[in-house]
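If you're matching them up, the sequences are chains A and R in order. Residues 9 to 215, numbered by the working numbering, are exactly what the first sequence covers, in order. Residues 1137 to 1415, numbered by the working numbering, are exactly what the second sequence covers, in order. Reading through the structure tokens given below for one structure.
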Amino acid sequence: MGSADDAAERELIAGLRCGDNGAFRDAVARYTPAMLAAARTVCDPDTAEDVVQESWLAVIDAIEGFEGRSALGTWLCRIATNRALDRIRRGRREVLTDQDVLLDPALTQRFDEHGHWVSGPLPWSTDAGDPAQQIESDALAECIREHLARLPENHRVVLMMCDVQQLSSTQVCNILDLKETNVRVMLHRARQRMFTMIEHFQETGEC
Amino acid sequence: MLTCREVAEQASEYLDQELPWSRRLGVRLHLMMCRHCRAFLANLAASIALTRRAADQPIDVPKRLVDDILGALDGKLGGSDDAAVCEAPAASAGAGHGPPRLRLVEGTGSGDPRVARIFREIESVQGTVSNLFRAYAHHPDVLESTWNRLRAVMLQGTLSRRLKECIAVVVSSDNGCRYCIEHHSRALRSMGMAQEEIDRLVREPLAGSFDPKERALLALARQANRDPHGASDFQVAVARRAGATDAEIIEALAVMELFVSFNRFLDTLDIPLENDRPS
């Protein structure tokens, strides 16, 4: 970010702190798309809209505590993401105990004690690398979405931000307030789950 | 030599090109010799692409949502629909050319003992009699009340002189009054503020080194000058919460009022800066 942008952002933040209507208007126009995208990694589109609206109201009071350690946009996305997570966690809270295990259980069992493949993966059909061809299959796309929804929520959020929205890993770490190593592990685990699911679909034609 | 399991463990980092050079080389060597791992990496990359395709839905922000958000914010901020109040200040017109619109009262007060007395008083406080007062001097009553008002607002009260000079500069800058910006930047410099800091004050008024109370009062004064109907309960509440008393809120607004009147008076009559047209 250039220093002119820095200055504009500081001015915008100062305006938000003072409860300035114009500053809020500017900020809503500028940051709502990213906040909505962040909330959508967690919950359905309608809930995400609710969450974003609720987040903006929270900003009125929260902006006083904003320390400027991350960019304003990142901080706003973090608010939206956390509020979205709070919504879906109501009633159930997942605790993942194996945060530092790199391999998904489904994959672990495919290696012998020497670390060799017991049943090595076969290359998918030549079209497999061509997403355009594969996605022709609505059934596969439907199956992917279904499995995405079943991922542990943290894994899903990381996968959506990294692989679907293609945010940088620094941005993802800042939005989720997580260490880079944790984000990497979650991403890798989530990818393996999707891999296992798609492999099953490739072999059996069933979800 | 890496095992297949170790390659699988680092597969994402390899695909994302996040492995350090030496570990990357290790994976590459393994891949050259292991078709299973080659297949695994190709399939993993394909599944990432497939997932993206399946889950990537365009995020469009419905106008209704933006309206709802702004409506809810307006409700909570208690503001109006008026336009933004934090834009950059416009450049000032500055002293014009040609004959002056108003002749200034020179010297020690053109023989009027009352004007002469006030001029002496101004001189004893400010060092010189500025063109602003040389213009007002055509009307001794107005001169006297204006000078008394300036003293009450700027030289008395509980807010720091520095904050009041900052309000003067910012309000004058918002109104494009070069004369007042000059004079009161000079005052800030004489209090030890660096020129860069003053420039920054003009550029992004609220980002300066103020405590929360000062910032809230500056913001309120600015709002009052630019868009009084857009002032909100919330803005006043912020100032109070930061510790401003009612008298201090009045004081900050009085500085604003004073300079709004100076800005309009000076620019309407195109009163020059002293060094623009030496007297």
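All C-beta atoms, glycine included, are put in the ideal place defined by N, C-alpha and C.
task: Let me know if Thr-7/A comes out buried or exposed under the rule of 16 or more other beta-carbons within 10 Å of its beta-carbon.
output: Outside the shown range of chain A, which is 9 to 215, sits residue 7/A, and nothing can be said about it.
- request: Round the Cβ separation of Asp-28/A and Ala-1355/R to the nearest angstrom and send it over; I've been treating them as touching at under 8 Å.
  value: With a Cβ gap of about 7 Å, Asp-28/A and Ala-1355/R count as contacting.
task: Compute the Euclidean distance between the alpha carbons of Glu-75/A and Ala-1380/R, then round it to the nearest angstrom.
output: 23 Å
task: Quick one: give me the first and last residue of the alpha helix (DSSP H) that Cys-181/A is part of.
output: 177-184
message: What does the Cβ neighbour count give for Thr-49/A, buried or exposed, with the cut at 16 atoms within 10 Å?
response: buried
Span of the alpha helix (DSSP H), counted from its first residue to its last, around Phe-32/A: Going by DSSP, Phe-32/A is part of the alpha helix (DSSP H) stretching over 29-48.
field: Members of the segment 170-182 of chain A that neighbour chain R once the beta carbon cut-off is set at 7 Å
entry: Asp-171, Val-172
message: Quick check on this structure: which residue in Arg-1362/R, Gly-1312/R, Arg-1336/R, Cys-1302/R has the alpha carbon closest to the alpha carbon of His-1320/R?
response: Nearest option by C-alpha distance: Cys-1302/R.
- request: Closer than 8 Å by beta-carbon distance: list the chain A residues that pair up with Leu-1324/R, in chain order.
  value: The premise fails here: Leu-1324/R is roughly 19 Å from chain A at the closest Cβ pair, so nothing lies under 8 Å.
- request: Can you say whether Glu-1384/R is buried or exposed, counting buried as having 16 or more other CB atoms within 10 angstroms of its CB?
  value: buried
- prompt: Which two residues bound the contiguous alpha helix (DSSP H) that contains Leu-1151/R?
  reply: Leu-1151/R -> alpha helix (DSSP H) spans 1147-1151.
- prompt: If we ignore side chains and look at the alpha-carbon of each, how far apart do Leu-1138/R and Ile-96/A end up?
  reply: 41 Å
task: Check distances from the C-beta atoms of the segment 23-39 of chain A to those of chain R and list, in chain order, the residues that come in under 9 Å.
output: Gly-23, Arg-25, Cys-26, Gly-27, Asp-28, Asn-29, Gly-30, Ala-31, Phe-32, Arg-33, Asp-34, Val-36, Ala-37
- prompt: With which residues is Phe-119/A paired in a DSSP beta bridge?
  reply: Trp-125/A
query: Hey, does Val-1305/R have any beta-carbon neighbour from chain A nearer than 7 Å?
result: Not a single C-beta of chain A is nearer than 7 Å to the C-beta of Val-1305/R.
field: Cβ of His-152/A within 7 Å of any chain R Cβ
entry: Correcting the residue type first, residue 152/A is Ile in the shown sequence and not His. Judged by the 7 Å Cβ criterion, Ile-152/A is in contact with chain R.
- request: List the residues of chain A that Gln-1331/R touches, going by C-beta distances under 9 Å, in chain order.
  value: Residues of chain A passing the Cβ test: none, with the nearest at roughly 17 Å.
- request: Give the single residue among Tyr-1315/R, Gln-1292/R, Val-1306/R whose Cα lies nearest to the Cα of Phe-1269/R.
  value: Tyr-1315/R
- prompt: How would you write the range of the alpha helix (DSSP H) that Cys-1316/R sits in, first residue to last?
  reply: 1314-1326
message: Here's a check: name, in chain order, each residue in its chain whose Cβ is nearer than 8 Å to the Cβ of His-1233/R, leaving out the five neighbours to either side.
response: Low confidence applies to His-1233/R: its pLDDT is 45, below 50, so where it sits in the model is not reliable enough to give any reading.
- request: Provide the residue span of the alpha helix (DSSP H) that contains Thr-1381/R, from first to last.
  value: For Thr-1381/R, no alpha helix (DSSP H) encloses it, and the DSSP letter there is neither H nor E.
- prompt: Residues of chain A with CB under 7 Å from Ile-1184/R, in chain order?
  reply: Asp-171, Arg-199
Stretch-stretch touch, CB-based, cutoff 8 Å, three pairs: the segment 193-212 of chain A with the segment 160-167 of chain A: yes
task: Taking C-beta pairs closer than 9 Å, name the residues in chain R that Arg-18/A reaches, listed in chain order.
output: Glu-1340, Leu-1342, Ala-1343
task: Indicate whether at least one CB of chain A lies closer than 7 Å to the CB of Leu-1337/R.
output: no
message: I need the straight-line Cα distance from Ser-78/A to Ile-183/A, nearest angstrom please.
response: 9 Å
Partner residues on chain A for His-1172/R, Cβ-Cβ distance less than 7 Å: Trp-125, Gly-128, Pro-129, listed in chain order.
task: Starting from the C-beta of Val-191/A, find all residues in its chain whose C-beta is less than 8 Å away, skip the five residues before and the five after it, and write them out in chain order.
output: These residues qualify, in order along the chain: Val-166, Cys-170, Ser-177, Val-180, Cys-181, Leu-184.
- request: Could you tell me whether the Cβ of Met-194/A comes closer than 7 Å to any Cβ of chain R?
  value: no
query: What is the DSSP secondary structure of Met-1137/R, reduced to helix, strand or coil?
result: coil
message: So, with DSSP's three-state summary, where would you put Leu-130/A?
response: coil
message: For chain R, check one thing: does any of its Cβ atoms lie closer than 7 Å to the Cβ of Phe-203/A?
response: yes
- prompt: When the Cα atoms are used, what is the spatial distance from His-1275/R to Val-1391/R?
  reply: 22 Å
Terminal residues of the alpha helix (DSSP H) in which Asp-1210/R lies: 1199-1213
- prompt: Taking only beta-carbon atoms, is Glu-1145/R less than 7 Å away from chain A?
  reply: yes
- request: Please state whether DSSP places Val-1265/R in a helix, a strand or coil.
  value: coil
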